[in-house]
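Written below as structure tokens is the structure these notes are about.
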Amino acid sequence: MVFRKGPTPRVTAMPLPFRRPLVRLVLGAALAAAPLAAQQPLTLGEALARADTAGYANRIAAGATRERAGEALAPYRGILPSVRLEAAYLRTTDPLNSFGFLLRQRAVTPAAFNPATLNDPAAIGNLMTGVVLEQPLFNADAWLGRRAARAARDATAASETWTRGGTAVQVVQAYFGAVLAAEQVTTLRAASAAGAAHVRQAEAMVRQGMATRSDALLASVKAGEVDAQLLEAERRARQARRGLATLLGAPADSGWTLPDSLPSLDAVRAVAGLAGTDSGGAAARADVQAAELGRAAAEADARRAAALYLPRLNGFGRLDWNSADAPFSGKSAWTLGVMLSWSPFAGAQELAERRSAAGRRDGARAMAQAAGAQAALEIAAARDRQAVALARLAIADRSVAQAAEAHRIVGRKYDGGLATVSELLDAATVETATRLGLSAARYEVIVAAAEARQAQGLELGALRALDR
Numbered sequence: 344m345v346f347r348k349g350p351t352p353r354v355t356a357m358p359l360p361f362r363r364p365l366v367r368l369v370l371g372a373a374l375a376a377a378p379l380a381a382q383q384p385l386t387l388g389e390a391l392a393r394a395d396t397a398g399y400a401n402r403i404a405a406g407a408t409r410e411r412a413g414e415a416l417a418p419y420r421g422i423l424p425s426v427r428l429e430a431a432y433l434r435t436t437d438p439l440n441s442f443g444f445l446l447r448q449r450a451v452t453p454a455a456f457n458p459a460t461l462n463d464p465a466a467i468g469n470l471m472t473g474v475v476l477e478q479p480l481f482n483a484d485a486w487l488g489r490r491a492a493r494a495a496r497d498a499t500a501a502s503e504t505w506t507r508g509g510t511a512v513q514v515v516q517a518y519f520g521a522v523l524a525a526e527q528v529t530t531l532r533a534a535s536a537a538g539a540a541h542v543r544q545a546e547a548m549v550r551q552g553m554a555t556r557s558d559a560l561l562a563s564v565k566a567g568e569v570d571a572q573l574l575e576a577e578r579r580a581r582q583a584r585r586g587l588a589t590l591l592g593a594p595a596d597s598g599w600t601l602p603d604s605l606p607s608l609d610a611v612r613a614v615a616g617l618a619g620t621d622s623g624g625a626a627a628r629a630d631v632q633a634a635e636l637g638r639a640a641a642e643a644d645a646r647r648a649a650a651l652y653l654p655r656l657n658g659f660g661r662l663d664w665n666s667a668d669a670p671f672s673g674k675s676a677w678t679l680g681v682m683l684s685w686s687p688f689a690g691a692q693e694l695a696e697r698r699s700a701a702g703r704r705d706g707a708r709a710m711a712q713a714a715g716a717q718a719a720l721e722i723a724a725a726r727d728r729q730a731v732a733l734a735r736l737a738i739a740d741r742s743v744a745q746a747a748e749a750h751r752i753v754g755r756k757y758d759g760g761l762a763t764v765s766e767l768l769d770a771a772t773v774e775t776a777t778r779l780g781l782s783a784a785r786y787e788v789i790v791a792a793a794e795a796r797q798a799q800g801l802e803l804g805a806l807r808a809l810d811r
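Heads up: the sequence shown begins at 344 in the numbering used here, then just goes up one per residue.
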């Protein structure tokens with residue numbers, strides 16, 4: 344064999360008409376890829392932090408807490424002193440008020456006692472300015488009302504804490520739900536590509552007379568089923584991203600990327616094991632604490648309603664200036680006083696409020712007991728769900744290995760002409776289904792771990808370990 348050395352190939356520049364479309368294509372691809380490059384990875388920890396501050400449910404709960412905190416200050420009007428400024432201007436020809444204005448202005452002269460002047464005074468004006476101090480001395484209903492308002496405020500704050508915990512669980516579900524959907528899309532795309540390859544192989548064998556047309560048709564049907572599953576998985580993936588963005592409080596902001604797959608089996612099992620190592624229980628749950636605080640608030644409010652029958656003692660003092668035309672001018676005058684008031688019967692209003700408060704107290708006691716019982720039930724249920732999820736994960740892990748081995752065996756039989764294309768596609772479908780099942784099982788363990796921690800009143804910060 345003789346090898347001949349040919350001429351050295353020449354590298355020539357690409358003609359201009361061909362260069363311009365290529366440049367446009369490269370620039371277009373770069374512009375299309377720019378938004379993807381700008382996207383930042385979103386970790387679970389970052390998602391939890393975003394939802395904690397911007398999540399709708401959390402912001403609503405925080406607003407309710409601030410509202411209740413404001414209402415808790417209302418009883419102080421019967422405890423703390425109040426100061427107010429007063430100003431009034433009167434002009435009159437009334438004999439009694441005219442002489443009184445002269446007295447207040449320290450302007451009385453001997454001529455003012457002239458009967459004609461007293462009976463028919465000229466018009467006189469008086470500008471009264473004053474500072475009034477009112478000091479409650481004893482208002483039992485206000486002191487007991489303050490205690491009830493504080494307990495109600497703390498109950499609302501505990502409810503906000505429970506809401507934030509529930510939002511965190513939803514974030515874990517949505518975050519890994521979106522990752523699960525993306526992983527399922529990847530699995531089905533690989534299955535779709537493999538199905539298309541089997542269809543092409545079956546059609547080639549039909550042309551060679553090594554298979555019947557029915558084999559090719561069955562292969563096409565099986566591939567179509569996988570393609571349909573892929574379309575549905577892609578729809579779920581898009582919806583999962585939208586749901587996560589909405590849960591984070593920014594529906595229009597999805598400029599982030601998620602992991603390509605769920606955490607490994609070892610990482611999932613490790614996080615699931617943490618749910619039972621931390622101390623927690625019904626008493627640690629914020630909703631149980633809120634119910635107990637609500638009971639305390641209702642009991643204090645019932646005592647406040649009973650205290651409405653007690654007398655009230657209040658003091659006051661005022662400093663007044665009276666002048667013809669200038670505020671705070673002239674000689675001042677002071678007044679001090681104490682007032683005792685008691686309403687043993689005010690049209691049954693106190694009786695109605697007392698009975699209403701007693702009804703609220705009984706209801707709050709029942710709610711506190713129900714919250715404790717429900718918490719114990721949810722803790723037991725969460726532990727059962729986690730145990731079942733871990734068992735299903737172990738089964739799914741074994742199933743993937745078994746299905747992959749079965750698919751390999753059927754593939755070798757098919758290559759040797761001992762199996763039909765339908766059997767090969769069935770084996771591939773089973774393997775795909777087991778891989779999808781394993782992904783779903785990992786997701787269920789993560790969610791079960793989050794729910795178990797919430798049920799025991801524990802923080803979900805331990806799940807941030809899945810980011811690694």
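Cβ coordinates follow ideal geometry from the N, Cα and C atoms, glycine included. What you are looking at is a predicted structure, and each value in this text was computed from that prediction instead of being measured.
Roughly how many angstroms lie between the CA atoms of R697 and A633, to the nearest whole one?
23 Å
Buried or exposed for R811, going by 16 or more other Cβ atoms inside 10 Å?
exposed
For the candidate residues S684, P687, D668 and D663, whose alpha-carbon lies nearest to that of W677?
D663
Under 8 Å between the Cβ atoms of A397 and A643?
no
Express the C-alpha separation of A629 and L531 in angstroms, rounding to a whole number.
42 Å
Backbone CA spacing between A380 and R496 [nearest angstrom]:
With a pLDDT of 40 at A380, under the threshold of 50, the modelled position of that residue is not reliable, and the figure given next carries that caveat. Looking at the two C-alpha atoms, the distance is approximately 47 Å.
Between which two residues does the alpha helix (DSSP H) holding R493 run?
A483 to R550
Among the candidates A392, T472 and A700, whose CA atom is the shortest distance from the CA of S672?
T472
Buried or exposed: V441, going by 16 or more other Cβ atoms within 10 Å of its Cβ?
Sequence check: residue 441 is Ser here, not Val. It is buried - the Cβ of S441 has at least 16 other Cβ atoms within 10 Å.
Please identify the residue among R489, R578, A517 and A669 whose C-alpha is closest to the C-alpha of A640.
R489
Give me the Cα-Cα distance between E577 and Q799, rounded to the nearest whole angstrom.
36 Å
Let me check one thing: in DSSP terms, what residues is D758 bridge-paired to?
BP columns for D758 are empty, so no partner.
Do L608 and Y786 come within 8 Å of each other at the CB atom, strictly closer than that value?
no
Applying the 10 Å Cβ sphere with the 16-neighbour rule, what's the burial state of E526?
buried
Could you give the uninterrupted runs of the beta strand (DSSP E) lying entirely in the stretch 404-462, keeping only those of 3 residues or more?
425-435
Exposed or buried, what is K674 when buried is set at 16 or more other beta-carbons lying within 10 Å of its beta-carbon?
exposed
Short of 6 Å in beta carbon distance, which residues of its chain neighbour P378, apart from the five on each side in sequence? Order them along the chain.
Any reading at P378 is ruled out, since the residue's pLDDT is 45, under 50, leaving its predicted position unreliable.
Do you know whose CA, among V549, L720 and G616, lies nearest A562's CA?
V549
Taking Cβ to Cβ, would you say R493 is nearer than 8 Å to A394?
no
Taking 8 Å as the cut-off, does the stretch 514-524 touch the stretch 578-585 (at least 3 CB pairs, one atom from each stretch)?
yes
Report all residues from its chain with a CB closer than 7 Å to the CB of N462; omit the five preceding and five following residues, and keep chain order.
P438
Beta-carbon contacts of A627 that lie in its chain and below 6 Å, excluding the five residues immediately before and after:
G800
Buried or exposed for F444, please, with buried defined as at least 16 other CB atoms from any protein chain shown within 10 angstroms of its CB.
buried
Check whether the stretch 501-519 and the stretch 398-406 touch, using three or more Cβ-Cβ pairs below 8 Å as the test.
yes
Just list the residues that DSSP pairs I467 with in beta bridges.
T435
Return the residue from the list F456, V475, A390 and G598 that minimises the CA-CA distance to A511.
A390
Do you know how far the Cα of Q478 is from the Cα of L815?
The chain is shown from 344 up to 811; residue 815 falls before or after that span and cannot be answered.
DSSP bridge partner residues for D663 (one or two, in chain order)
G473 and A676
Roughly how many whole angstroms lie between the Cα atoms of H541 and P602?
30 Å
Taking all protein chains shown into account, do 16 or more other C-beta atoms lie within 10 angstroms of the C-beta of E410, making it buried, or fewer, making it exposed?
exposed
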